[in-house]
Each structure stands twice: as structure tokens, then as C-alpha cells.
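Here is the structure we will look at, set down as C-alpha cells.
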Amino acid sequence: MAAAPEGEALAHVTHERSLLLRFAGNRPTQATAIDDVTVELAVLVDGHLGRAATNETDAQSLSACADRALLAAEAAAATAAPTTHPGFPPGPPPRPHRGHDPDTAALDPARGGAALATAFAAAERHKLEAHGVWTVAEEERAVATSAGGALDRTTDALMKVICIGPGGRSGYASRVGVAASAIEPEPLTERAAAKALAPGTPAELPPGEYPVVMESRAVGSLLELLGSTALNGLAYAEGRGALAGRLGERVAAPAINLSDSPQHHATLPRAFDAEGTPKQPMPLIQDGVAQAVVHDLRSGALAGAASTGHALAPGGIPEGPQPYNLVLTGGGARDVEELCAPIERGVYVTRFWYENVVRPKETLVTAVTRDGTFLIEDGRVTQPLRDLRLTDSVLRILSGVQDLGAGQELASQAEFYGRRFAHGVVCPALRAGAVRFTDTTG
Amino acid sequence: MDAAGKRAEYADARFVRTQSELLSTRNGAVDQADSQDSEGIGVRVRVGGSWGFAAVRGTDKRGAEAALERALAVAAAQPPSRGAALAEEPPAVGSYESPAERDPFEVPLEDKLAVLWAADALLRTEPEVAVTHARFQAVRVHKLFASTDGALCEQVLTECGGGLAAVAVDGEESQIRSFPTSHGGHMEQTGYERFLLLDLAGEAPRVSAEAAALVRAPACPSETTTLILAGEQLGSQLHESVGHAVELDRVLGREASYAGTSFVPSDGIGKLRFGSEHVNVTADATHPGGLGSYRWDDEGVEGRSMPIVRDGVLAGFLSSRETAAEIGLDRSGGCMRADGFARQPIVRMTNVSLEPGDAGTLADLVADTERGLLIDTNRSWSIDDRRLHFQFEGEAGWEIHNGEVGRLVRNPSYAGVTPRFWAGCDAVCSASEWQLSALLDCGKGEPGQTTHVSHGSAPARFRDVEVGVA
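The listed protein sequences correspond, in order, to chains A and B. Mapped onto this note's numbering, the consecutive letters of the first sequence carry residue numbers 1 to 442. Mapped onto this note's numbering, the consecutive letters of the second sequence carry residue numbers 443 to 912.
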């Protein structure tokens, strides 16, 4: 780094230490402990980017990695194609946060084993099978340029439990946060069990539009899809995003206030992005009006804007930047019962599965409900429902939001592909007026 | 292995070195000039029926010993398990390297970028096209596997390929067209020669023109009709509704917390009707060029070809040593694959392919179809957690009228229920039309693992399918 011209090289280092225990049918099935590092080096030659990554940290390996990045940048520069990359400018120092818990960083397998045993015992009391995951991790991220560097240290902990009964009915509950001590396996399992044991035979609703109450886990997954499509600065800059030409317009109900808030007390905080740009709170939709999209250095340059600290790799990724600390402000409803109260006939959704974007410019997505779908009749949940396929526009659903719960929860997909990057959406449950379901699936 | 054998019922260790290179252009500029290199050791142990797995980077003995200690500690910390004994398997011994005429990592970067740049320029010929991509990718995985059962084997697998995409935007409409497949392009287990054979520059003008035509095309009508699937879209259909449904870990409920279970019962072999008599599906880990090909899987079981569906009836599962033993199979299907050294192997697809039929060429099949819809490239996919109810949308659809390909339609979606959909298969094209398509983003497992697989198929026809559903 010291040898590189200012703004023309950047190192991004991630050190993951993690432990993940899986279980199925009231027994442990897989357990994975990882200790690994990724060093990403980004080099600019005449504005052209070359990158190389390695997990070896001896001097020879790092030197070879730097040579590969430089060679790639020189090859890119040799094309003499136009480039708009602004370089890696030094930024202000990142703000500290409270996203690290030393107790969680111990990655104690005994604590995980005890959590599993508690979940199994609770499920067996109800003659149910517990399936799920208990996981903890410590992630250290550092960025360095010739102008200096910064270090961010975080922890995350998650447990999810799916209880399944003999008839195949299932219920889901999860808890995610910075500290493993906040995870309480017994109440979590009881919540999941209550859904699996809800009385009644699953009813079937024909495809159509219904009012819906969604728990925070379901809301969070739809907002993540909104983040990858409409709030993505590269899609916006290229004219293929749903908010292209629509900033300043009403795109959702007035009750919708969505921000990216990396220091919110319930989120998994981060100090800076993969390009070292410090993270700051930013409003994205205020009172239903679109305010901004998120940028990394590249998309910002294309859009004539500054990076907002949302790069997922030095130099960005082809899919573009995304917000990973989304926070949806809560509303006035005391709980989900109060959200259900005005509904004559509708659907209660615990979570969605296999969410996928169908047409990004419309924010049209599809997903199926799973692990706790119920019929709402005359203002209350009355019986289980066969699962349903949602095919609708996220912005259309948000435009139909009538009320939101007062409480917020961190909802996380916790999928951990590649190098661990724990994130989630802080959001309440909500009620939407008319959501489009296109099939019965359960 | 000596140290592990004294302290565990079973243990294995994998050294994996992964090398990859990804080059891409976007709107005429180099978008990605990336290389990645990683190596490390993953140690898996079984103690008291519980598995423990630990991964450390590097290759030194101290790190491997630390991984063993961590794996043992993790296994011991869990509640006792009642895991089945592992199916017997002769120890894997030997070495293997997948064939590659020209090493893709030895080709100068400038040469590869020149191919992409030329193709990208030919994509930017239509005014509606706002974003263009051309992509090259190569991956090499070097593995050493040893187990307390006496296995010691080494293999080197090289993959190479690429692709194109053009995104057209016109007001509120945005459409994408890709070649030869979407979601990252086409790869095979081969050398640089396969990338050149794609002839990206030759295909670019057509891809660009089709993307532009799509933003002006009428929307796919909603109706129940005959559907002809080809290429990547038929591969995706096989992948989601057949391949995942016959993974034995899902069938046994092991993936209920994430990927889901399966509608297929564990005692369904020889009994469960999966589709019509035209449906014959094979899982083949030996097919040359397939991304699901290998000499040994990641627990040392020799890869082989196995029937999955024969004459429409379930004939087999994708399995591991543990899951095979659990339902009384003599041997594992050899389907355990891991995403690098830092993930433990899980049941995965090999090359799950639809066997060719006797319906001739795609042109013959279209000529034999009075009315319907043809889809060949995937844009969106979703299926429920039992692999029953699915919904797909292709990039482009072509109406079929009176045995001829008609007008182009945008947003060609369809939905169905797995056994009912495959029961409606009344024709599969002949062997001359059979080809592999690649799927580069198959996700499964916790922590998540991504793998590359291939699916072979010839175009097939399905009756009474709901289209225009999204």
C-alpha cells in the first residue's frame, strides 16, 4: 500500500471466525467451524481496476496477489476503453459502534450444544421435531490505502427453530443480534411450536388479492428484495431500476419510512464499506416519498453522486451496491392481534421462502409462504392455511400498507454464502390492504 | 488420519486449493478483472454419531492439528445423536485430472479481454440497449482427500466458459437477453477451447436485437397451453423440480431448516410416478465436460451414472454414505460435494439430465405442435420447500401456431405442480439435440454453499401448462 500512488490502491481484509450448528429431527446433524481470511487487493491503472484475492497472508503470497491485481489493471488499461472510476479517495474516520460482544467472540461450542439440547427438550414435550441452526461469529474487517487504514470488529449470533408436527405442519421463530446471550432457546422453540400446533385443519384460499398481516421476518425479506432492485444505485444510474426518474415521487404509503441506519440499536452495525467509505444513516423513503438510492464509488460516479458507503467489494460488484442496514420505522399497532383486527378475511404470513425477483423495474417478486400461514377472519386468526404463492410488486405492497406494529425486530436470512457477512432488516410487522397471491402451494 | 482415527469413529480431511479468474466487460469498459486464490484444510469427524467439522487456511501441520482438535471439540459439545452407520465403500485411491486442451489460466489476459471487448461492441448496436455484458470465467480446484477408512486420492478439475447479456430499457419496460444461458453464462469442465467455441461475437448482434425487440413485444397471454422447453430453461426445470427433489438429505428431512424437504417419499423407488413414460432422468458424475463430473465425491465415493427416473417412475436418489445407509441402500450414490475447503460436504447434484427421446429435432417438435409457447432461457425461478409448486419466467417466449414459430412475447412465465407437469411431457427430442446447460449458482446448506452443475437435455414438450401467470 505504501508504494502505491494515493487513491490508486486499496486493500480490504476480512477475517471470519464462526461456528454453526445445524439440527434436524431433534438431533444434531452438521457442525461447521471456520477460521479464514480473505485479502482483496484493488489496483487502478489509468482509472482501470484490477483485483486479486487470496487467503494466504505471508509476504510472498501477498506480493503475488498484488502482482496479479496490477497485471489485471494493466490489461484492462490496455483496452483504452473509457472509464469513470474516481479512485479510492481518503474519507473521514468511521464512527465507533457497539456491534462487538467479546463473550460471543469466544465461539463456545458448549453454549451451542446446550441451546440445541434445550430446543430438543422443548420440542419433544410437544411431540414435535425441532429443526434449525444455532450460530455465532466474529468478523474483523480492515481497509487500507496509502493514506491510512481502519478496522471494524463485529459479532453476530442467531438461532432459528422450525418445529414440525407429525402431520407436516410447521412453525418458525428466530432471534438474531450482536450477542449470543440474547438468544433464549426455550421461548424461541415454544413460539415455533405454538404455530405448528395451532388448532384446525389447513384451509385453502383461491388465488386472488387479500389483505395481509406479515410478521417482521416476511416484511424483511421483501425489503431486502427492494434493496437489491429499487434502492440499488447502479440499477438507478443505468436506468433499469424502479426508482430511475422517480426520486421525490410518492412510491409507498405515507406510513412508510425506510432508512439505512448502520448504527441503529437493533441492527448489526458496520463502520465502513468494502471501499472504506464510512457508513452514515440515510433516509431512503420518507413518508412514502422516494428520497435516495445507495451508491458505491463506481455507481456514484455514474450517477454524479458520492458513495454512500455501500460497496460490497473494492470497486463494487456487477450487481451493484445494496443497503444492508435497512430500518423500517414502526407504527401505532400494539401487536399483530391489533393489526389483524380490521381484517374481515385475509392472510397471516410468518415468513416467505424462495423469494426471487421476476421483473426488477417493476419490483415484481415471487415467493411462497412457509412455516406458519393462517387465515384471518373477522379480525382474528382462526385456522391454518395451506401455503400460498405471492407474486406482486414490493412497491405496490408498500403502497397498500395500512398500519405497522409499534415494535421492531431484526429479521435476517442468515444464509452466509461465501465470506460471512451477517446482516438483516430491522422492521415491524405490518398490515397491507391487497396483496396478490397467484397459487396455493401447501 | 492416524491421530483422528484414535479419537473418532470416522474422520476425513480435505486439502482444497481453488483458483479462479473472472473477466467481464460492461458497456464497452472492463468491469471485472479479478482473480482469486485460496487454500486450506477441512477436517470432518464423527464422534458419538455427531459430526464436527473445522476448517483452517493454509497447509501447515499445526493448522491441520488445530482443525482436528476444533472439530472434535465441536462434535463432543453437541447432544448425542443416533446417526446411521456409514454405507460401506472401498477406499478411494489414485489421482485424476479433468481434460483441458488449453489451460485457461495460461492464456494472456489481453487475449481474453479482446474476445469480450469485440463481443461487447457488437451488443451495443440497438438504441434501446442500455447495458451490455460479456464474461469469461475459469475455475480450477485441486483436492486431496484422506480418510480413516484408508482413502487417499487427488483430483484436479478445471472449468471454463463465458457468456453475453444485453439489457434494453424503454420507458417503464426493461428486458434482458442472454447467451448461451443467463445467470453467469455457460461453463464446462474443459479448457479455453470451450470459451472460444461459444463464438460470443457471432451471437452478439442477435442477442442485442432480441433484447430490443422484447421491450416492444406483447406480453405473454394468460392461458393453458402446450409448452416447449429447451436449453437452459429445461435445465432449470430439471434442476429445481427433479434434482433437488431427489436429494436424499432433503427426503429424510435433514434440510427442513433451510432448503426444505421433498414431496418424494424415501420408500418411493419403483413406486412413485414422477412423470410420463417419456421421462427418463439420469444422474451422471462421469459425463465428459459436465460441471457435476468427478472421479470421487468429497467423501471419497467414486462418481458414477445412476438412474433417477425410468419410464416416468422414481428409480433412485442422490445420496451420501450416511443417507444411503439410513434407507438401506448398499452404497452411497457418490453425491457429496463441498464448496471449497471451508465447507463440509453435503448431498449435491451431479449432472442430472433428461435422456433424449425420439421426437427428432426442435424444428420437428415445433412442426408437430399446433399451438403453444417456446421458452429457452431462464430469467426467474421459485419453487416451494417440498419441490412441488413452481413458477418460472423465461427471458423470451415465442408463440407456436400451426407448427411454426410465431411472434416473440415478453415476460413468458409458467407455473405447475411437479408430478403433474412431468406427466404432461409427451415428447422429447432426439439425441442429436441433446446438450449440456450450466447452472452456476445452486445454493444449499448452512453456512451457504454454492456449486456448479450441468443438466443435459433435448427440447421437450409439455401439455396443458398454465402460462402468463406473473
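Here a beta-carbon is modelled for each residue, glycine too, at the ideal position from N, C-alpha and C.
- The C-beta of residue 474 of chain B has 16 or more other C-beta atoms within 10 Å across all chains shown, which makes the residue buried.
- For the segment 117-130 of chain A, the beta-carbon criterion of a distance under 7 angstroms to any beta-carbon of chain B is satisfied by 117 and 120.
- For residue 140 of chain A, no chain B residue has a Cβ inside 9 angstroms of its Cβ, as the nearest lies near 14 angstroms away.
- Along the segment 144-174 of chain A, going in chain order, the ones with a CB nearer than 7 angstroms to a CB of chain B are 160, 162 and 164.
- Residue pairing for residue 483 of chain B: DSSP places it in a beta bridge opposite B:457 and B:498.
- Flagged as an interface residue toward chain B: residue 370 of chain A, by a C-beta distance shorter than 8 angstroms.
- Contiguous alpha helix (DSSP H) elements confined to the segment 137-211 of chain A occur at 185-196, taking only those with 4 or more residues.
- Not flagged as an interface residue toward chain A: residue 724 of chain B, since no C-beta distance is shorter than 8 angstroms.
- Within the segment 814-847 of chain B, complete alpha helix (DSSP H) segments of at least 4 residues are not found at all.
- Contact between residue 410 of chain A and residue 266 of chain A is confirmed by a C-beta separation of about 5 angstroms, below the 8 angstroms threshold.
- Contact check for residue 547 of chain B and residue 580 of chain B: beta-carbon distance about 6 angstroms, within the 8 angstroms limit, so the pair qualifies.
- Residue 236 of chain A does not reach chain B, its nearest Cβ partner there being about 12 angstroms away, counting only Cβ pairs nearer than 8 angstroms.
- At a cut-off of 8 angstroms between C-beta atoms, residue 293 of chain A does not count as an interface residue with respect to chain B.
- Residue contact check for residue 882 of chain B against chain A: no CB pair falls below 8 angstroms.
- Collapsing the DSSP output to three states places residue 397 of chain A in a helix.
- Only 822, 823, 824 and 825 from the segment 797-825 of chain B bring a Cβ to less than 7 angstroms from some Cβ of chain A.
- Counting C-beta pairs closer than 8 angstroms gives fewer than three between the segment 117-137 of chain A and the segment 241-252 of chain A, which falls short of the contact rule.
- With fewer than 16 other Cβ atoms from the protein chains shown falling within 10 Å of its own Cβ, residue 201 of chain A counts as exposed.
- Residue 23 of chain A carries a strand assignment under DSSP once its states are collapsed to helix, strand and coil.
- Counting along the chain, residue 747 of chain B sits inside the beta strand (DSSP E) bounded by residues 747-752.
- Put simply, the segment 894-904 of chain B touches the segment 672-682 of chain B. At least three CB pairs are less than 8 angstroms apart.
- For residue 88 of chain A, there is no enclosing beta strand (DSSP E), as DSSP marks it with neither H nor E.
- Between the beta-carbon of residue 819 of chain B and that of residue 674 of chain B there is about 5 angstroms, and that keeps the pair under the 8 angstroms contact cut.
- The criterion of a C-beta distance shorter than 8 angstroms is satisfied by residue 397 of chain A and residue 432 of chain A.
- In the DSSP annotation of this structure, the continuous segment of the beta strand (DSSP E) that includes residue 286 of chain A starts and ends at 282-286.
- The beta carbons of residue 309 of chain A and residue 272 of chain A sit about 6 angstroms from each other, so the pair counts as a contact at 8 angstroms.
- The contact set of residue 210 of chain A on chain B, defined by CB atoms closer than 9 angstroms, is empty, because the minimum CB distance reaches about 17 angstroms.
- Per DSSP, residue 277 of chain A has no beta-bridge partner at all.
- Between residue 811 of chain B and residue 845 of chain B, the CB-CB gap stays under 8 angstroms.
- Residue contact check for residue 568 of chain B against chain A: no CB pair falls below 8 angstroms.
- For residue 555 of chain B, the closest alpha carbon among the candidates B:570, B:879, B:447 and B:577 is that of B:577.
- Closest in alpha carbon position to residue 649 of chain B, among B:618, B:868, B:909 and B:816, is B:618.
- For residue 543 of chain B, there is no enclosing beta strand (DSSP E), since its DSSP letter is neither H nor E.
- Excluding residues up to 5 positions away in sequence, 260, 261, 262 and 267 lie with their Cβ nearer than 6 angstroms to the Cβ of residue 325 of chain A in the same chain.
- Cβ contact annotation for residue 393 of chain A (same chain, cutoff 8 angstroms, sequence separation greater than five): 362, 363, 364 and 365, in chain order.
- Distance from the CA atom of residue 187 of chain A to the CA atom of residue 206 of chain A, rounded to whole angstroms, is 34 angstroms.
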